[in-house]
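Numbering (the numbering used here), first residue to last: 112 to 363.
Glycine is no exception: its CB is placed at the ideal position from the N, C-alpha and C atoms.
In what follows, a structure is listed as structure tokens, so that the remarks can point back to it.
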């Protein structure tokens, strides 16, 4: 369903006209932009599915129901990395906006629920050591790519015209830490963690799932609460549309 179907004809016309004026677009492009509803509909649904899936996988690992283990291990690290990086970064802005609003004497339930999603993601982050965050990043790459070369040496081309020779890149960005880590150091950390677990990647994963299970459960509750507030916000917006339409039609 096109996103314009969420608006009255007067609302849609107002948005299209304003977009043409402010963005300098032709009408056909302004209408196309309005109807490009994929991110608006998809992202909240993906956020919710991602978190609930992470919780279900973590719960199965903690309760010994993860069969086959290898499949649960791979998906766990992919979902965990998404919570540590994508969701934590996205909802950080919501938490900052909520704090700003509170300092000025007001906020709302939707903002508070969004902020709690960040706080829950951050609690997971805070529960892991730097070495464990490096391990999580490393294993996520191996689970998400057929050929994992992010933590390997890579030749960077030089620039002969500027007399710059080629060089070997020996560091890799670890997004949860927001810094680069020497690839040899990353391999040492991964090997050390695996060695302590007898070389059993499944055992490492189960241990981590037990360690951060409460924080992941908190994130699941936070996302469920946000889903409720999203539904309320949609219902409230729909109820306000007739009065908005009348104000536009009678303006001036």
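- Query: Under the three-state reduction of DSSP, which class applies to residue 125: helix, strand or coil?
  - Reply: Counting from one through the chain shown, the residue named residue 125 turns up at place 14. Helix.
- Item | Assigned exposure category for residue 275 - 16 Cβ within 10 Å defines buried | Looking up residue 275 in the chain shown gives position 164. Answer is exposed; the Cβ neighbour count stays below 16.
- Query: Is the stretch 186-206 in contact with the stretch 217-236, if contact means three or more CB pairs nearer than 8 Å?
  - Reply: yes
- Query: residue 190 by DSSP, collapsed to three states: which one?
  - Reply: Stepping through the chain shown from its first residue, residue 190 is reached at position 79. Residue state, collapsed to three classes: helix.
- Item | 7 Å Cβ shell around residue 206 - same chain, five flanking residues per side excluded | Looking up residue 206 in the chain shown gives position 95. Within the same chain, residue 206 has close Cβ partners 226, 229, 230.
- Query: Can you round the beta-carbon distance between residue 242 and residue 300 to whole angstroms, since I take them to be within the 8 Å contact cut?
  - Reply: Translated into positions along the chain shown, residue 242 becomes position 131. Translated into positions along the chain shown, residue 300 becomes position 189. Going by Cβ atoms, the distance from residue 242 to residue 300 rounds to 5 Å, so yes, they are a contact pair.
- Message: Are the CB atoms of residue 312 and residue 189 within a distance shorter than 9 Å?
- Response: The sequence position of residue 189 within the chain shown is 78, counting from 1. The sequence position of residue 312 within the chain shown is 201, counting from 1. Not closer than 9 Å, so no.
- Query: Just how far apart, CA to CA, sit residue 356 and residue 180?
  - Reply: Residue 356 sits at position 245 when you count from the first residue of the chain shown. Residue 180 sits at position 69 when you count from the first residue of the chain shown. Residue confidence for residue 356 is low, a pLDDT of 49 falling below 50, so the modelled location carries little weight and cannot support an answer.
- Message: Rounding to the nearest angstrom, what Cα-Cα distance links residue 265 and residue 281 in this structure?
- Response: Position 154 of the chain shown, counted from the first residue, corresponds to residue 265. Position 170 of the chain shown, counted from the first residue, corresponds to residue 281. Taking the straight line joining both Cα atoms gives about 7 Å.
- Beta carbon of residue 146, beta carbon of residue 324: below 9 Å? As a first step, residue 146 is located in the chain shown; it is residue number 35 there, counting from the start. As a first step, residue 324 is located in the chain shown; it is residue number 213 there, counting from the start. No, the pair does not count as a contact, with Cβ atoms beyond the cut-off.
- Item | Sequence-distant residues of the same chain with beta carbon closer than 7 Å to residue 223, five excluded per side | Taking the chain shown and counting its residues from 1, the one referred to as residue 223 is at position 112. The answer, listed in chain order, is 209.
- Task: Please state whether DSSP places residue 145 in a helix, a strand or coil.
- Result: Residue mapping note: residue 145 aligns to position 34 of the chain shown, counting from 1. Helix at residue 145.
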